[in-house]
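Residue numbers (the UniProt record's numbering), protein chains in the order written: chain A, 1 to 429; chain B, 1 to 250.
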């Protein structure tokens, strides 16, 4: 027997090792060498656990009891989900981890190209730090999309990327890159769904997004995975000078979900808004971990995350804003607010600031509470039954995060989605 | 229509209401006056069904139904309406959505169909105009950024829209200047009806110049210590509440 420096592998780790040994390493356009290196890094660290600071509240080693084998490609879903709104849209489908050009929009408008990731793109990773989940993504990468938007393109269509899992008890690993040229204007809607709402499966997605100077970008992530799914998503965003970037995460599905975001400012006078809503129940565990690097001066970032947590669900928010020594005149405001609807619901909020510059305006805050009884009484005193009054107050609590996106299409889309999740469709204005 | 018998209520171990008896008939206006801390607001909250209070004794019967078994929303659907002393601001709840939801919830509770949106809009605009509630106010979130006077007018607008059979006005005059008081009072008087009763809770007599009561009751230390006609209010204005407080203390 080999001497092991680490504790014994978990069942999931052992499965991953076995699966990797059987993997056809030339798929998805990646060289075997890139995969081997990533897997070796993963193997030396193992699945992240609570003693790894970034994963303290989401002990993946304990939660990921088994690792499903990578899904086979080529399955065509019986039904493709309809677009989320009536607006113009370019549809791209990633089924079981692989980009399926045959299912989506047949032609792209001028300035937009779509392809699959290439070796050079994955090797030249935009992720700033080592992370076992990203290593797994690289090692097992099955495919994904590379979308480029040429400089100056003002796209009227939203780019919709639908990640769909058709096979229960499989794992999907996709690697996506979105390159938005200078002065382009784009709305990206990224959706994660399972073909069967009760299937257990694992998604490990990674997206690398680069935003050119003066570009205006809205990215909406709708995490609507099947109830028993485990969802791991790593997102890197590089923000060019004078760009205006809004990212929104709506977390609703999955038994376990983690969205980890790494945002870096590359040029001055850029604005970033990272916002999100998590609506959780049963025993769901949902984690949003955000790292914002103010590497250059004169940039602004707003982070606002709201969660509504019922039953035995647990919501984790970790947000770290780093202001580098040169990043004077940085304006960074981070807020996380949670509404606990049951005695057993739980939230772990950890907003952090690390400031190395002296002329900055930064703040962070966190609030946790339950529904205000006085507000509830006011609504009930007008004849609104308690259950409906609660829904109205939950919608009211969440409204701010949606409204701050300041894009009419995004607001309408998110509002209708949130109302549907809460069973409150009738409160449309 | 409303019968309160020997009503005792306490909150956090303090007895606030200590045996209230009051009978209100359709079409009547009852004023309840009293010094600060006499239990006036508590009485209004207990009637409306606020859950912070424990009812230790007594009963509230409305149109033959025991109200103590009902939640606030069920009491509202039964026809009770409390105009709040301090209407609450609810950011994120659009005023129109709130009005429509409330109206339709009450209609459903009574087995009626929802009011179609165009008719609802027309109704709100009509009533809003009477009360000098601007369309701009209706576009704002519920009570958010409203001045004191605007909030009170918005309360009366809700009342006019929901057409309750019993209106409880809790210190509706507080924070109003003379013009606002006139507009609000006119709005209330318009709702006077042989089938509708009102309980007007106030510290001062001046509101009762505008909304003239049939009966005046003096509340002190959680009990009605004196009842009379509208002239009792004038008497109180002249002599203050000192007589009643002393009487109780003695």
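Heads up, the beta-carbon is just placed ideally off N, CA and C, and yes, glycines get one too. All figures in this text were calculated on a predicted structure; none of them were measured in a lab.
Determine the chain A residues that contact residue 135 of chain B at a beta-carbon separation under 8 Å, and present them in chain order. Start at 1 with the first residue of the second chain, and residue 135 of chain B comes out as number 135. The contacting residues do not exist; residue 135 of chain B stays about 15 Å from chain A at best.
Any chance you could list the beta strand (DSSP E) runs of at least 3 consecutive residues sitting entirely within the segment 319-350 of chain A, in chain order? Qualifying beta strand (DSSP E) stretches, in chain order: 331-340.
Give a yes or no on whether the minimum CB-CB distance between residue 377 of chain A and chain B is below 9 Å. For the purposes of this step, residue 377 of chain A is taken as residue 377 along the first chain, with counting starting at 1. So yes, residue 377 of chain A belongs to the interface.
Check residue 117 of chain B in the structure and name its three-state DSSP category. As a working mapping, residue 117 of chain B is identified with position 117 in the second chain. Secondary structure at residue 117 of chain B: helix, using DSSP grouped into helix, strand and coil.
Taking the alpha carbon of residue 344 of chain A as the point to measure from, which residue in A:312, A:369 and A:364 has its own alpha carbon closest? As a working mapping, residue 344 of chain A is identified with position 344 in the first chain. With respect to the C-alpha of residue 344 of chain A, the residue from A:312, A:369 and A:364 having the closest C-alpha is A:312.
Counting only the same chain and skipping the five closest in sequence on each side, list residues whose C-beta sits under 6 Å from that of residue 169 of chain B. Looking up residue 169 of chain B in the second chain gives position 169. 83 and 200.
With a floor of 4 residues, list each alpha helix (DSSP H) that falls wholly inside the segment 163-200 of chain B, ordered by position along the chain. The DSSP assignment places complete alpha helix (DSSP H) segments of no fewer than 4 residues inside the segment 163-200 of chain B at 178-190, in order along the chain.
Which residue comes first and which comes last in the alpha helix (DSSP H) that contains residue 269 of chain A? By one-based count along the first chain, residue 269 of chain A stands at place 269. For residue 269 of chain A, there is no enclosing alpha helix (DSSP H), as DSSP marks it with neither H nor E.
Is it a yes or a no for the segment 72-83 of chain B touching the segment 204-211 of chain B, going by three-plus beta-carbon pairs under 8 Å? Using a C-beta cut-off of 8 Å, the segment 72-83 of chain B makes no contact with the segment 204-211 of chain B, since fewer than three inter-stretch Cβ pairs fall below that distance.
CA-to-CA distance, residue 73 of chain B to residue 124 of chain B, given in whole angstroms: The residue labelled residue 124 of chain B in the question sits at position 124 within the second chain. The residue labelled residue 73 of chain B in the question sits at position 73 within the second chain. Using only the alpha carbons, I get a separation of about 21 Å.
Got a sec: which bits of the segment 385-417 of chain A sit with their beta carbon under 8 Å from any beta carbon on chain C, in order along the chain? Chain labels in this structure do not include chain C; the protein chains are A and B.
I'd like the list of long-range same chain contacts for residue 21 of chain B, defined as Cβ closer than 8 Å, with 5 residues on each side in sequence excluded. For this step, residue 21 of chain B is matched to residue 21 along the second chain. 4, 5, 6, 7 and 224.
Assigned secondary structure, residue 251 of chain B (DSSP; H/G/I helix, E/B strand, else coil): There is no way to answer for residue 251 of chain B, as the model of chain B reaches only from 1 to 250.
For the segment 351-378 of chain A, list every residue whose C-beta sits within 8 Å of some C-beta in chain B, in sequence order. If the cut-off is 8 Å between Cβ atoms, the segment 351-378 of chain A has 373, 374, 375, 377 and 378 near chain B.
Count the other C-beta atoms from every protein chain shown that fall within 10 angstroms of the C-beta of residue 191 of chain A, then say buried if there are 16 or more, exposed otherwise. Walking along the first chain from the start, residue 191 of chain A turns up at place 191. Taking every protein chain shown into account, the CB of residue 191 of chain A has 16 or more other CB atoms within 10 angstroms, so this residue is buried.
Go ahead and pull the three-state DSSP assignment for residue 5 of chain B. Working through the second chain from its first residue, we reach residue 5 of chain B at position 5. Reduced to three states, the DSSP call for residue 5 of chain B is strand.
Leaving out five residues before and five after residue 306 of chain A in sequence, what residues of the same chain have Cβ atoms less than 6 Å from its Cβ? For the purposes of this step, residue 306 of chain A is taken as the residue at position 306 of the first chain. Here the set comprises 277, 337, 398 and 401.
Please return the same chain residues whose Cβ sits closer than 8 Å to the Cβ of residue 269 of chain A, not counting the five positions on each side in sequence. To locate residue 269 of chain A, count along the first chain from 1; it is residue 269. Excluding positions up to five away in sequence, the list reads 241, 242, 298 and 299.
Return the chain-ordered list of same chain residues with a C-beta closer than 6 Å to the C-beta of residue 24 of chain B, the five sequence neighbours on each side being excluded. Here residue 24 of chain B refers to the residue found at position 24 of the second chain. If we look at residue 24 of chain B and ignore the five residues flanking it on each side, its Cβ neighbours are 2, 30 and 197.
Give the range of the beta strand (DSSP E) segment to which residue 131 of chain A is assigned. One-based indexing of the first chain puts residue 131 of chain A at position 131. First-last for residue 131 of chain A: undefined, no H or E at that position.
Helix, strand or coil, according to DSSP, for residue 402 of chain A in the structure here? Within the first chain, the letter at position 402 stands for residue 402 of chain A. Helix.
Would you say residue 267 of chain A and residue 292 of chain A are within 9 Å of each other, going by their C-beta atoms? Counting from one through the first chain, the residue named residue 267 of chain A turns up at place 267. Counting from one through the first chain, the residue named residue 292 of chain A turns up at place 292. For the 9 Å CB-CB criterion, residue 267 of chain A and residue 292 of chain A do not form a contact.
Residue 231 of chain A: first and last residue of the uninterrupted alpha helix (DSSP H) it sits in: Taking the first chain and counting its residues from 1, the one referred to as residue 231 of chain A is at position 231. Taken as a continuous stretch (DSSP letters only), residue 231 of chain A belongs to no alpha helix (DSSP H), being part of the beta strand (DSSP E) at 230-239.
Min CB distance residue 419 of chain A to chain B below 9 Å: Translated into the one-based positions of the first chain, residue 419 of chain A becomes position 419. Nearest CB-CB separation between residue 419 of chain A and chain B: not below the 9 Å threshold.
Let's test the definition: count the other Cβ atoms within 10 Å of the Cβ of residue 150 of chain B and tell me whether it reaches 16, buried, or not, exposed. Numbered from its first residue, the second chain carries residue 150 of chain B at position 150. Taking every protein chain shown into account, the CB of residue 150 of chain B has 16 or more other CB atoms within 10 angstroms, so this residue is buried.
Within the 9 Å Cβ cut-off, does residue 3 of chain A reach chain B? Numbered from 1 along the first chain, position 3 holds the residue referred to as residue 3 of chain A. Model confidence at residue 3 of chain A stands at a pLDDT of 49, short of 50, so the residue's coordinates are unreliable and nothing is read from them.
Taking the beta carbon of residue 39 of chain A as the centre, do at least 16 other beta carbons fall within 10 Å, making it buried, or is it exposed? Taking the first chain and counting its residues from 1, the one referred to as residue 39 of chain A is at position 39. Counting of Cβ neighbours within 10 angstroms places residue 39 of chain A among the buried residues, the total reaching 16 or more.
Boundaries (first-last residue) of the beta strand (DSSP E) holding residue 91 of chain B: Stepping through the second chain from its first residue, residue 91 of chain B is reached at position 91. For residue 91 of chain B, the enclosing beta strand (DSSP E) begins and ends at 90-94.
Could you tell me how far apart the beta carbons of residue 181 of chain A and residue 229 of chain A are, in whole angstroms, since I believe they sit closer than 8 Å? Counting from one through the first chain, the residue named residue 181 of chain A turns up at place 181. Counting from one through the first chain, the residue named residue 229 of chain A turns up at place 229. In fact, because the Cβ distance is near 34 Å, the residues do not count as touching under 8 Å.
To the nearest angstrom, how far is it from the Cα of residue 451 of chain A to the Cα of residue 34 of chain A? Beyond the ends of chain A as shown, which are 1 and 429, falls residue 451 of chain A; an answer cannot be given.
Pull out every residue of the segment 111-140 of chain B whose Cβ sits closer than 8 Å to any Cβ of chain A, in chain order. Taken residue by residue, none of the segment 111-140 of chain B has a beta-carbon sitting less than 8 Å from a beta-carbon on chain A.
How about residue 169 of chain B: is its C-beta nearer than 9 Å to some C-beta of chain A? On the second chain, position 169 is the one that residue 169 of chain B refers to. Residue 169 of chain B does not count as touching chain A.
Are the C-beta of residue 383 of chain A and some C-beta of chain B separated by less than 9 Å? The count along the first chain starts at 1 and reaches residue 383 of chain A at position 383. Taking 9 Å as the CB threshold, residue 383 of chain A lines the interface with chain B.
Using a beta-carbon distance below 9 Å, is residue 425 of chain A in contact with chain B? On the first chain, residue 425 of chain A is found 425 positions in, with the first residue counted as 1. No, residue 425 of chain A lies away from the interface with chain B (no Cβ there is under 9 Å from its Cβ).
Nearest by alpha-carbon distance to residue 63 of chain B: which of B:222, B:164 and B:188 is it? Within the second chain, the letter at position 63 stands for residue 63 of chain B. Minimum Cα distance to residue 63 of chain B is reached at B:164.
Decide yes or no for the touch test of the segment 322-329 of chain A against the segment 342-359 of chain A: beta carbon pairs closer than 8 Å, at least 3 of them. The segment 322-329 of chain A is in contact with the segment 342-359 of chain A.
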